[in-house]
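Asker: Numbering (UniProt numbering), first residue to last: 1 to 147.
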Amino acid sequence: MNFEEILAFATRSPFNQILSLALVALTVAIVYTEIARLLRGYKALRPAELTHLVNSENALVVDLSANNDFEKGHIAGSRNVLPSSFGPDHKLLAGAKSQPVVLVCRTGQTAGGAAKRLKKAGFEKVYVLDGGVAAWQQADLPLVKGR
Numbered sequence: 001m002n003f004e005e006i007l008a009f010a011t012r013s014p015f016n017q018i019l020s021l022a023l024v025a026l027t028v029a030i031v032y033t034e035i036a037r038l039l040r041g042y043k044a045l046r047p048a049e050l051t052h053l054v055n056s057e058n059a060l061v062v063d064l065s066a067n068n069d070f071e072k073g074h075i076a077g078s079r080n081v082l083p084s085s086f087g088p089d090h091k092l093l094a095g096a097k098s099q100p101v102v103l104v105c106r107t108g109q110t111a112g113g114a115a116k117r118l119k120k121a122g123f124e125k126v127y128v129l130d131g132g133v134a135a136w137q138q139a140d141l142p143l144v145k146g147r
């Protein structure tokens, strides 16, 4: 199939025009999303990758969940910091600019914004647990209760 045949198909009927426009819009959305992911400055980790990073590089895991959610269940070794008091100058992050820092929240949404702040402040190795604690649980990995 060549370009002229594709163009003829796209202009043949209103339904084909709608399909063609939808395909172009979907392609643009996918390209935009991938470029944004590459430029965000931090990497999303799957639960198994987080386990490896903690074991091999002694990553600092920061859980941004509310206190009561943290107490209900969190990743072993993670430290709880409320999003309202989190920032690059937080005492927990002192001296961690070159150390791997993994941000975790319940779903993975809050951690993304916090990761951008750390990258902007010069932190070198910033990660987010993709899907948050929910993804950790779906991978059948254990949570620790309490503080």
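From the three backbone atoms N, C-alpha and C, an ideal C-beta is built for every residue, glycine too.
If you're wondering where the values come from, they're calculated on a predicted model, not measured in any experiment.
Just verifying my parser: in three-state terms, what is the DSSP assignment at residue 94?
Answerer: Here residue 94 is taken as the residue at index 94 of the sequence shown, counted from 1. DSSP places residue 94 in coil when its eight states are reduced to three.
Asker: What span of residues does the alpha helix (DSSP H) with residue 118 cover, start to end?
Answerer: Position 118 of the sequence shown, counted from the start, is the residue given in the question as residue 118. Residue 118 -> alpha helix (DSSP H) spans 109–120.
Asker: Just how far apart, CA to CA, sit residue 48 and residue 116?
Answerer: Position 48 of the sequence shown, counted from the first residue, corresponds to residue 48. Position 116 of the sequence shown, counted from the first residue, corresponds to residue 116. The alpha-carbon atoms of residue 48 and residue 116 are separated by roughly 23 Å.
Asker: In the DSSP assignment, the alpha helix (DSSP H) including residue 53 goes from what residue to what residue?
Answerer: Reading the sequence shown from its first residue, position 53 is the one you call residue 53. It spans 47–57 - the alpha helix (DSSP H) in which residue 53 sits, taken as one unbroken run.
Asker: Pull the bridge partners of residue 44 from the DSSP assignment, please.
Answerer: Taking the sequence shown and counting its residues from 1, one reaches residue 44 at position 44. In the DSSP output, where bridge partners are listed per residue, residue 44 has 128.
Asker: Quick one: what's got a C-beta closer than 7 Å to residue 77's C-beta in the same chain, skipping five residues either side?
Answerer: Working through the sequence shown from its first residue, we reach residue 77 at position 77. Excluding sequence neighbours, residue 77 sits near 54, 61.
Asker: Applying the 10 Å Cβ sphere with the 16-neighbour rule, what's the burial state of residue 100?
Answerer: Here the question's residue 100 lines up with position 100 in the sequence shown. Per the 10 Å Cβ criterion, buried.
Asker: Given residue 65, which residues of its chain have a CB within under 8 Å of its CB, disregarding the five upstream and five downstream residues?
Answerer: Here residue 65 corresponds to residue number 65 of the sequence shown, with the count starting at 1. Counting only Cβ-Cβ distances below 8 Å, and skipping sequence neighbours, we find 74, 80, 104, 105, 106, 133.
Asker: So, for residue 145: in the same chain, excluding its five sequence neighbours on each side, which residues have a beta-carbon less than 6 Å away from its beta-carbon?
Answerer: As a first step, residue 145 is located in the sequence shown; it is residue number 145 there, counting from the start. Excluding positions up to five away in sequence, the list reads 73.
Asker: Using the beta-carbon count (16 or more within 10 Å), is residue 86 buried or exposed?
Answerer: Here residue 86 is taken as the residue at index 86 of the sequence shown, counted from 1. Residue 86 should be labelled buried.
Asker: Measuring straight from C-alpha to C-alpha, what distance separates residue 83 and residue 137?
Answerer: The residue labelled residue 83 in the question sits at position 83 within the sequence shown. The residue labelled residue 137 in the question sits at position 137 within the sequence shown. Distance between the alpha carbons of residue 83 and residue 137 is about 22 Å.
Asker: May I have the straight-line CA-CA distance separating residue 31 from residue 21, to the nearest angstrom?
Answerer: Stepping through the sequence shown from its first residue, residue 31 is reached at position 31. Stepping through the sequence shown from its first residue, residue 21 is reached at position 21. Using only the alpha carbons, I get a separation of about 15 Å.
Asker: How would you label residue 125, buried or exposed, when you count the other beta carbons within 10 angstroms and need 16 or more for buried?
Answerer: Working through the sequence shown from its first residue, we reach residue 125 at position 125. Its Cβ being crowded by 16 or more others within 10 Å, residue 125 is buried.
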